[in-house]
Amino acid sequence: MPLELLTIPARSDNYAFIVHDAESGATAVIDVPDAAPVQAALVAHGWTLTDIWLTHHHGDHTEGVAPLRALYPQARVSGAAADAHRLPALDRQLKEGDSFSFGGEDVQIFEVSGHTLGHIAFYMPGSGYVFTADSLMALGCGRVNEGTHEQMWESLSKLAALPPETVVCSGHEYTANNAKFALTIEPGNEALKSRADAIAKARAKGTPTVPSSLSDELATNPFLRAGLPSVKAALGMQDASNVDVFTEIRQRKDRF
């Protein structure tokens, strides 16, 4: 059985995630935009925080770490070795290819630079969860702020190769706007149109649109689909490289 997963809305449009193993009591939070909603969820479930996993250095993913760690001083903080100089103090520094055990499962580390340099993702193959923050997002991907478009395409390609049933836990509620943009790239994509309708209904009810399934992202997310002949043709870029098509889509989204 997968470990228990909670989606925690925070700030205006952020998400943190909590993973809990009932047998051992191990409890990890992935990114901490704000300590208060995370603490409230822990108290509501009677859980004690044992781990804090950080994907990248941006404040809207890390600003709650200090107050949360004051409440749970035993919590072990893990993040990218490459980002250690600008993350909260790390107890465990991680890099591509590293793994560690949590709740009886392996946690594998992927470097997913592009949005930032040093961005990492945490993949739990046993439970089928991947925590991608601002790399692969629901119907989108993060802006290429520090890295290159080639790096971001490589990062997304790495995540796209995971099993399609993987649950993608991303960091923001941007999905409705992402859907509107995606329809400008593939207006005839029936799976995308159906997903856009479902997203609009969910948001009307205040329901989060994350996590999402990787299979849905592969079928509808234009940033994962940049290498498809149909997408290249729609953009008039039939002979372009996958990276060039991704770059065009990302730049269009930046202006959207």
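Residue numbers (UniProt numbering): 1 to 256. For glycine and all other residues, C-beta sits at the position ideal for the given N, C-alpha and C.
Use the C-beta contact count for residue i: other C-beta atoms within 10 angstroms, 16 or more gives buried, fewer gives exposed.
i	result
Glu-256	Strictly speaking, residue 256 in this sequence is Phe, with Glu absent from that position. Burial call: exposed.
Gly-64	buried
Thr-184	exposed
Gln-238	exposed
Glu-165	exposed
Lys-201	exposed
Ser-194	exposed
Which residues bound the beta strand (DSSP E) around residue i?
i	result
Ser-101	99 to 102
Leu-6	4 to 10
Glu-248	Careful: Glu-248 lies outside any beta strand (DSSP E), inside the alpha helix (DSSP H) at 242 to 255.
Glu-111	105 to 111
Val-32	Taken as a continuous stretch (DSSP letters only), Val-32 belongs to no beta strand (DSSP E), as it is neither H nor E.
Phe-122	120 to 124
Asn-14	14 to 20
Gly-79	76 to 80
Which residue wins for smallest C-alpha separation from residue i, given the options the options?
i	options	result
Leu-156	Phe-131, Leu-183 and Asn-177	Phe-131
Glu-154	His-56, Val-243, His-58 and Lys-193	Val-243
Arg-11	Lys-180, Arg-250, Val-210 and His-172	His-172
Val-168	Asn-145, Gly-140, Ser-194 and Ser-230	Gly-140
Trp-47	Thr-62, Ser-24, Asp-60 and Asp-34	Ser-24
Leu-90	Tyr-123, Asp-51, Gln-108 and Ser-101	Asp-51
Ala-82	Val-107, Leu-54 and Gln-108	Leu-54
Phe-110	Phe-102, Gly-103, Thr-116 and Asp-98	Asp-98
Tell me where the alpha helix (DSSP H) around residue i begins and ends.
i	result
Val-38	35 to 45
Val-65	65 to 71
Ser-155	149 to 160
Ser-230	229 to 234
Going by DSSP, what residues sit across from residue i in a beta bridge?
i	result
Leu-136	Cys-141
Between residue i and residue j, what straight-line distance do the alpha-carbon atoms span, to the nearest angstrom?
i	j	result
Ala-75	Glu-217	33 Å
Ile-8	Val-32	10 Å
Ala-44	Leu-94	31 Å
Ala-36	Pro-73	16 Å
Gly-126	Glu-105	6 Å
His-58	Glu-186	31 Å
Arg-92	Glu-190	44 Å
Val-38	Asp-197	30 Å
Ala-84	Asp-60	17 Å
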